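Those protein sequences? They're chains G and H, same order as listed.
Okay, so the first sequence: first residue is 144 according to my numbering, each after it adds one.
Okay, so the second sequence: first residue is 35 according to my numbering, each after it adds one.
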Amino acid sequence: MRVLIVEDNPKMASSIQRGLREHGYAADVCHTGFEGEDLAVVEPYNLILLDLMLPDRDGVEVCRNLRRRCVDTPILMLTALSGTENKVAGLDAGADDYLTKPFEFDELLARIRALLRRGEATEGRMLECDDLKLDLYTRTAKRGDAEHELSNKEFALLEYFMRNPNRVLSRAQIGESVWDMNFEVGSNVIDVYVSQLRKKLDRGHERQLIHTVKGAGYRFGIMD
Amino acid sequence: MNPEVQPRKPRRPSGLLPRLSLRLRLTLWVVAIFTLIQWTTGVIFWLYQRAAIREMYEAVLAEKAEPLSEGVSNLFPDDLHAANLNSLAQGELGWGVISRYALDVFDEAGKSQVLDRAPFVDAADLPIREALKTGAPAYTWLDLEPLGSTDPAAHSTATIVYPFEQDGRRYVLVIAASDAFAQRQLALLERVLALAGVIGPLAAGVAGWFIAGVAISPLERLRGFASRLGPESIGEALGVDEAESKEVARLSWELEEARQRIQAAFKAQERFLSNVSHEIKTPISVMLIEAQTLPREGLPEDVNAYLDSVEEEMLRLGRLVESFLTLTRVQDGKGLTRELEYPANDMVMDCVDHCLALAEQYRVRLSPRLLEGEHDADTIVCGEPELLRTLLDNLVRNAIRFSPQGQAVEISMQRVNASVLFHVQDRGPGIPPDQLTAIFDRFAQTEEEQRRGRGHGLGLEIAQGIAELHGGRIIADNREGGGAVFTVTLPVKEDEDDCPDVEADADERV
């Protein structure tokens, strides 16, 4: 896995580089926006860490340019500014995630892993089941002609369902996979999200996709 | 917040007399000046009229005196009867304004020469001597309840004392004329003047009120502008109307320039904060990353422990800086820079996501309970998602820190009419009853909290600031059976409405 670090602070850059190398990533460093943009276009990186404040140009601008030049490498923005506007600008310009300095290195690793996973997943861009299509890139679901925007967790839940069709999935399994946690027995989190999904996808359709299995959990798919 | 930081409200000046508004004062001035001018003119006019009337009487009398004195000469001495005098006077036409009159003749000693009638006037009241001395007619005005008249207006008489000679002796002819006609004219004039003297000032008052209103209307506009002026409206320029009078336009310019200076100061402060944010956070980040990525193998244990401590303190410092920045943003009085729809359930689950690691570290379970059911599950809050998440995060992190191991932090929700309630409950030591409100103050930490050595005491103040920014509030309480419960109340987005779009002027402010 090759990571490009675009960061003007040399100490910061080399520390990140060292840390990433230790965790098995190949990491290149550059200190300016133009250099970063050129490298990102030429070299096949799996991920770009992009500082928002660069000496020669704005990270947001670099990001926007890269997307315009059809570089769809996942970009993780690093910023010392915490104003939401900055983050939003970054995300609007095509960044995939952001991290505010100072951050814990473990947090950085976790975000990188998540982005890389997403990158792999998007290689097969669509998940399909019956007339339901889930676009892993735009994170929208389409059933029949109706398109539905999904919140992050709705998307994660549906993706999990669609990757595990026709199997009875217990609440514990779902919680573990989608939320990384075990909900207590009395918790209604999973049921609330499942019913949200049903409302968007199953309502008004003859064939139901999400089925409740009494005492066990849920099953996704078309029942014969 | 510290009381001394609050701007002191300027005391309004107070005197013995109540302060009158500018408009009222202007009006009163107009009325006073108008009244003074009008009344003075009236009085002068009245005096002039009175003098003119007197002159007119005296002229008529003077005109009559000569022929009458000749007539009287013919009557001397034996035919000087009252009846003859009367017919003599009646024979003289053109009395004009004089309706009643009386004649008499006196000698030098003041003895009446009329044979069959007592004098109708006391000779001592007449300027006989003066008339005889100068040889010219003398005039006087006498208060002779006069001449048997019943006219109430007739209260004085114009009197001429006309000297003439008869048989080598000198006499005076006295003609007294009632001024009833003149008095009636004067009374009419007085009534007209009095009426005008009342109506005039009243009309001046009404006119003055409107004129003053027009004159100070720009002031009202400027006052409105000044009273609106605050951190959230500092970007709104004061339009200066070129058609405005010179003074008002100048004041407008001054105000507008003052506003621009304040705005510049705000911007400078924002830039400063942003720079501080960057300048402080960068070295912290570098130190943190260096400590975290340092190869640890082969290092003595105490050095490792030392590095752990450095790492921990750096993280803490970073969070503290972040918290200060958030707090500044929440309390800068500029309100929200944008409002987005945030489903209440997502808000809780995002917070759970964030706090999971900390919960695991403290061996505390998180137990969220979401809104369910057709209507409630769609509950949406309008606001800044980042801040709303921070709000719940701070409460949940607090709860985690206070929870005994193995216990659960419960996050439950409730939809009540147009509000959504978030309850964050723990099984910790609870809050001393006397500190239930004080805990929201800066750096307020209970001893227990200090003992556990986590957090920096800004969390609750930030949470409260965020809640208030979104039109909500937080209440702290103790649970039955031990532990604390923090309840956040936030207004809910109604179905039809969109979140207020404040994004448009966000650029203006940054």
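Where a beta carbon is used, it is the ideal one built from N, C-alpha and C, also for glycine.
Just so you know, these numbers come straight off a predicted model, no measurement behind them.
Against residue i, what residues of chain H qualify as contacts under a CB-to-CB distance less than 8 Å, listed in chain order?
| i | result |
| --- | --- |
| G:Val149 | The contacting residues do not exist; G:Val149 stays about 15 Å from chain H at best. |
| G:Lys244 | Lys315, Thr316, Ile318, Ser319, Gly352 |
| G:Val335 | Asn379, Leu404, Leu405, Glu406, Ala411 |
| G:Ala223 | Ser311, His312, Lys315, Thr316, Ser319 |
| G:Gln316 | Ordered by position in chain H, no residue passes the 8 Å Cβ test against G:Gln316, which lies about 17 Å from the chain. |
| G:Asp294 | It should be pointed out that residue 294 of chain G corresponds to Ser in this sequence rather than to Asp. Per Cβ cutoff of 8 Å: Pro377, Asp380. |
| G:Met196 | His312 |
| G:Glu327 | Arg399, Ser401, Ala442 |
Residues in the same chain with beta-carbon distance under 7 Å from residue i, minus the five sequence neighbours each way, listed in chain order, please.
| i | result |
| --- | --- |
| G:Leu163 | Val146, Ala170 |
| G:Asp194 | Val149, Glu150, Asp151, Gly202, Leu221 |
| H:Ser453 | Thr523, Leu524, Pro525, Val526 |
| H:Gln83 | Leu220, Leu223 |
| G:Leu340 | Glu297, Leu300, Leu301, Ile353 |
Tell me which same chain residues have a C-beta within less than 6 Å of the C-beta of residue i, skipping the five on either side of it?
| i | result |
| --- | --- |
| H:Ile87 | Ala216 |
| H:Leu109 | Asn118 |
| H:Glu104 | none |
| H:Pro534 | Glu373 |
| H:Ser311 | Leu359 |
| H:Leu253 | none |
| H:Ala411 | Leu405 |
What is the rounded straight-line gap between the Cα of residue i and the Cα of residue j?
| i | j | result |
| --- | --- | --- |
| H:Asn379 | G:Leu242 | 24 Å |
| H:Gly440 | H:Ala260 | 57 Å |
| H:Glu420 | H:Val240 | 59 Å |
| H:Val398 | H:Arg257 | 57 Å |
| G:Phe246 | G:Ile255 | 13 Å |
| G:Lys154 | G:Pro187 | 25 Å |
| H:Gly369 | H:Gly464 | 32 Å |
| H:Ala277 | H:Trp287 | 13 Å |
| H:Val226 | H:Ile78 | 14 Å |
| G:Gly360 | G:Ile317 | 9 Å |
| G:Thr355 | G:Ile191 | 42 Å |
| H:Gly231 | H:Thr174 | 32 Å |
| G:Asp288 | G:Ser338 | 21 Å |
| H:Leu425 | H:Arg461 | 20 Å |
| H:Arg403 | G:Glu290 | 29 Å |
Does the beta-carbon of residue i have 16 or more other beta-carbons within 10 angstroms, so that it is buried, or is it exposed?
| i | result |
| --- | --- |
| H:Gln124 | exposed |
| H:Ile71 | exposed |
| H:Ile318 | buried |
| G:Tyr280 | exposed |
| G:Met196 | buried |
| G:Cys213 | exposed |
| H:Asn36 | For H:Asn36, the pLDDT reaches just 43, beneath the cut-off of 50, and the residue's location in the model is therefore unreliable, leaving the point undetermined. |
| H:Glu251 | Contrary to the premise, residue 251 of chain H reads as Ser rather than Glu in this sequence. Exposed, by the Cβ-count rule. |
| H:Met348 | buried |
| G:Asp274 | exposed |
| H:Thr327 | buried |
| G:Tyr368 | Within the shown structure, residues of chain G are numbered from 144 to 367, placing residue 368 of chain G beyond reach of any answer. |
| H:Met447 | buried |
| H:Asn432 | buried |
| H:Thr74 | exposed |
| H:Tyr196 | buried |
In chain G, which residues lie less than 8 Å from residue i when you measure between Cβ atoms?
| i | result |
| --- | --- |
| H:Thr327 | Ser158, Ile159, Arg161, Gly162, Glu165, Phe248 |
Where does residue i fall in DSSP's three states?
| i | result |
| --- | --- |
| H:Asp539 | At H:Asp539 the pLDDT is 42, less than 50, meaning the model places this residue with poor confidence and gives no usable figure here. |
| G:Lys285 | strand |
| H:Met381 | helix |
| G:Ala257 | helix |
| G:Glu292 | strand |
| G:Val172 | strand |
| G:Ser330 | coil |
| H:Val131 | coil |
| G:Cys213 | coil |
Can you find the residues in the same chain that come closer than 8 Å, C-beta to C-beta, to residue i, ignoring five residues on each side of it along the sequence?
| i | result |
| --- | --- |
| G:Cys206 | Leu193, Ile218, Met220, Gly233, Ala236, Gly237, Ala238 |
| H:Leu114 | Val106, Val139, Gln147, Val148, Leu149 |
| H:Tyr396 | Ile434, Arg435, Ser437, Gln439 |
| H:Asn338 | Arg330 |
Who are the neighbours of residue i on chain H, taking C-beta pairs under 9 Å?
| i | result |
| --- | --- |
| G:Asp323 | Asp387, Leu390 |
| G:Val332 | Asn379, Val382, Met383, Val386, Pro402, Arg403, Leu404 |
Mind listing the chain H neighbours of residue i? Cutoff is C-beta to C-beta under 7 Å, in chain order.
| i | result |
| --- | --- |
| G:Asn152 | Thr316, Val320 |
| G:Gln339 | Ala411 |
7 Å is my cut-off, CB to CB: does residue i come that close to chain A?
| i | result |
| --- | --- |
| G:Met155 | This model lacks chain A altogether, as its protein chains are G and H. |
Is any heavy atom of the ligand FAD found at a distance shorter than 6 Å from the C-beta of residue i?
| i | result |
| --- | --- |
| G:Leu293 | Among the components modelled here there is no ligand, and therefore nothing to report on the ligand FAD. |
Give the interface partners of residue i over in chain G, defined as CB-CB distance under 7 Å, in chain order.
| i | result |
| --- | --- |
| H:Leu62 | Per Cβ cutoff of 7 Å: no residues; H:Leu62 is ~55 Å from chain G at best. |
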